[in-house]
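Colleague: Taking the numbering used here, the leading residue of the sequence shown gets 1167, the next gets one more, and so forth.
Quick reminder that beta carbons are idealized off the backbone N, C-alpha and C, glycines included.
Note that the structure is a prediction, hence the values are computed from the model and not measured.
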Amino acid sequence: MPGRVVVAGGGIAGVACARALVAAGVQVEVRDRGRVVGGRMASRWIDGRIVDSGASYLTASSPEFQAVVEDWALRGVARAWTTRFHAYDPAGGLTEAPPGPVRYSSARGIRSLVADLVARGGVRVRQQSPVTTVAPGPTVDGERADFVVLAMPDPQAIRHLGPGFAAAREAVAGRAYAPTLALLAGWPRRSWPTIDGVFVNDDPTLGWVCDDGRRRGDDAPVLVAHSTPAFAAGRLTDPGAAAAELTAAVRRVLGIADEPAWTYVQRWSFAKPVAARDEPFWLSDDGLGLAGDGWGRSKVETAWRSGDGLGRAIAARLA
Ligand SMILES: Cc1cc2nc3c(=O)[nH]c(=O)nc-3n(C[C@H](O)[C@H](O)[C@H](O)COP(=O)(O)OP(=O)(O)OC[C@H]3O[C@@H](n4cnc5c(N)ncnc54)[C@H](O)[C@@H]3O)c2cc1C
1167 MPGRVVVAGG GIAGVACARA LVAAGVQVEV RDRGRVVGGR MASRWIDGRI
1217 VDSGASYLTA SSPEFQAVVE DWALRGVARA WTTRFHAYDP AGGLTEAPPG
1267 PVRYSSARGI RSLVADLVAR GGVRVRQQSP VTTVAPGPTV DGERADFVVL
1317 AMPDPQAIRH LGPGFAAARE AVAGRAYAPT LALLAGWPRR SWPTIDGVFV
1367 NDDPTLGWVC DDGRRRGDDA PVLVAHSTPA FAAGRLTDPG AAAAELTAAV
1417 RRVLGIADEP AWTYVQRWSF AKPVAARDEP FWLSDDGLGL AGDGWGRSKV
1467 ETAWRSGDGL GRAIAARLA
């Protein structure tokens, strides 16, 4: 099948889109501005070990994504982590929450799931290749393509859309994303109650804490905590300066007496869209596609479905 598609964004949405196109025989290149694929499904080496610093886990409710996750699980790429989380509130302390769906993680870090889609799908990715301008044609940074896809948060996508894309600009303009600071912290030993993850309620600083050692399956004494959007909002220019406050909040919630051996704070300026959308992606007659977790209800599965659906729709137009 002829056709050349450029996908900007190597998160799970962009990679799923490219994978669907490759499967249909379409020539496609993913350009990502980062050093590695994964986007917000991020894993980082710290203290000789991988720590998940973005998405905490994934769930699968649609048959299409369940098939992807089952394939990962069968090959040992993903692992069924837990159905049980805790909740914390200042009055009641730590209590077990009712069981929920299976949450999946990965022993090699959640980013490895996206890397696996790239490798198994035969997807070509150009790293450290930021897309600057998408113009009618469509062209991407002056080069003609049959379709151009922006698979990234709406506030990032709009930066690259020229005035010739009035309708698409209108679709993404003003879409708010909540920020988060992620504290990654390692202790010399475990000294907290046995938990997988804790939803922290009514706290000005923290929204969520999880045990990265239990999540990854190596039992390393490492916790990852996500701040509330309000806490992050005023601290995005110097995230490292928030480490002490975030650490104190984690120690308070889990009753940890010891100081951590190390901490690191990761900034997510566009962690999650504030509002959901009904449409699964954008595809217009002028050759522009938009996908990502902003199209639906923000989570990993939504982003995958958005990208996969867009890829299939473009392939159908090129057939
Ligand atoms: C702290 C945090 C916790 C989360 N927890 C969960 C969870 O527990 N469960 C869950 O299901 N979801 C969770 N999410 C949401 C989940 O991570 C996202 O829904 C999903 O990863 C979004 O994928 P995406 O491909 O749409 O976007 P992204 O992952 O953001 O990918 C966008 C990509 O575009 C690239 N890019 C940006 N600009 C350009 C450019 N100009 N040129 C080229 N490339 C560019 C970026 O480098 C990035 O790789 C969480 C997110 C965060 C931040």
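May I ask which residues mark the beginning and end of the alpha helix (DSSP H) holding Asp1237?
Modeller: Here the alpha helix (DSSP H) through Asp1237 covers Pro1229 to Leu1240.
Colleague: Going by DSSP, name the residue or residues bridged to Gln1322.
Modeller: Looking at the DSSP assignment, Gln1322 forms no beta bridge with any residue, so it has no partner.
Colleague: When the Cα atoms are used, what is the spatial distance from Ala1244 to Gly1287?
Modeller: Going by the C-alpha atoms only, they are around 17 Å apart.
Colleague: In the DSSP assignment, what residue or residues form a beta bridge with Ile1212?
Modeller: Note: Ile1212 sits in a beta bridge opposite Arg1215.
Colleague: Pick helix, strand or coil for Arg1290, following the three-state DSSP scheme.
Modeller: Reduced to three states, the DSSP call for Arg1290 is strand.
Colleague: Just to confirm, is the Cβ distance from Gln1293 to Gly1220 under 8 Å?
Modeller: The answer is no: Cβ separation not under 8 Å.
Colleague: Which same chain residues, not among the five before or five after Val1364, have their C-beta less than 8 Å away from its C-beta?
Modeller: So the list reads Phe1251, His1252, Ala1253, Tyr1254, Leu1260, Trp1374, Val1375, Cys1376, Val1419 and Leu1420, once near-sequence residues are dropped.
Colleague: Quick check on Leu1412: does DSSP put it in helix, strand or coil?
Modeller: Leu1412 falls in the helix class under three-state DSSP.
Colleague: With hydrogens ignored, establish whether the beta-carbon of Thr1468 is closer than 7 Å to any heavy atom of ligand 1.
Modeller: Thr1468 Cβ: within cutoff of ligand 1.
Colleague: Would you call Thr1298 buried or exposed, if buried means 16 or more other Cβ atoms sit within 10 Å of its Cβ?
Modeller: So Thr1298 counts as exposed.
Colleague: Exposed or buried, Ser1393, counting other C-beta atoms within 10 Å across all chains shown (16 or more means buried)?
Modeller: Under this definition Ser1393 is a buried residue.
Colleague: For Gly1458, is the beta carbon positioned less than 7 Å from some heavy atom of ligand 1?
Modeller: Yes - ligand 1 has a heavy atom lying nearer than 7 Å to the Cβ of Gly1458.
Colleague: Would you say the beta carbon of Asp1362 is closer than 7 Å to some non-hydrogen atom of ligand 1?
Modeller: Every heavy atom of ligand 1 is 7 Å or more from the Cβ of Asp1362, so no.
Colleague: Can you tell me which of the three DSSP states Ser1278 falls into?
Modeller: Correct three-state label for Ser1278: helix.
Colleague: Is there contact between the segment 1461-1469 and the segment 1211-1228, where contact requires at least three CB pairs shorter than 8 Å?
Modeller: Yes, they touch.
Colleague: If I follow the unbroken beta strand (DSSP E) through Arg1269, where does it start and stop?
Modeller: Here the beta strand (DSSP E) through Arg1269 covers Arg1269 to Ser1271.
Colleague: Where do the ends of the alpha helix (DSSP H) carrying Thr1248 lie?
Modeller: Careful: Thr1248 lies outside any alpha helix (DSSP H), inside the beta strand (DSSP E) at Arg1245 to Thr1248.
Colleague: Along the alpha helix (DSSP H) that carries Glu1262, what are the first and last residues, could you check?
Modeller: Looking at the DSSP string, Glu1262 is not in any alpha helix (DSSP H); the run it does join, the beta strand (DSSP E), is Gly1259 to Glu1262.
Colleague: I'd like to confirm something about Asp1198: is its beta-carbon nearer than 7 Å to some heavy atom of ligand 1, or not?
Modeller: It does: the Cβ of Asp1198 is within 7 Å (strictly closer) of some heavy atom of ligand 1.
Colleague: Please confirm whether any heavy atom of ligand 1 lies closer than 7 Å to the CB of Gly1287.
Modeller: No.
Colleague: Can you grab the Cα-Cα spacing for the pair Gly1330 / Val1289, in whole Å?
Modeller: Spanning the two alpha carbons is a distance of roughly 29 Å.
Colleague: Which residue's Cα is closest to the Cα of Ala1408: Val1196, Leu1350 and Val1315?
Modeller: Comparing Cα positions, the closest option is Leu1350.
Colleague: According to the Cβ coordinates, are Val1338 and Cys1183 closer than 8 Å?
Modeller: Not in contact: Val1338 and Cys1183 (Cβ atoms no closer than 8 Å).
Colleague: Where does Gly1205 sit, in a helix, a strand or coil, going by DSSP?
Modeller: Correct three-state label for Gly1205: coil.
Colleague: If you drop the 5 nearest sequence neighbours on each side, which residues of the same chain put their C-beta closer than 8 Å to that of Tyr1270?
Modeller: Tyr1223, Leu1224, Thr1225, Ala1226, Val1235, Trp1238, Ala1239, Ala1244, Arg1245, Ala1246 and Trp1247, listed in sequence order.
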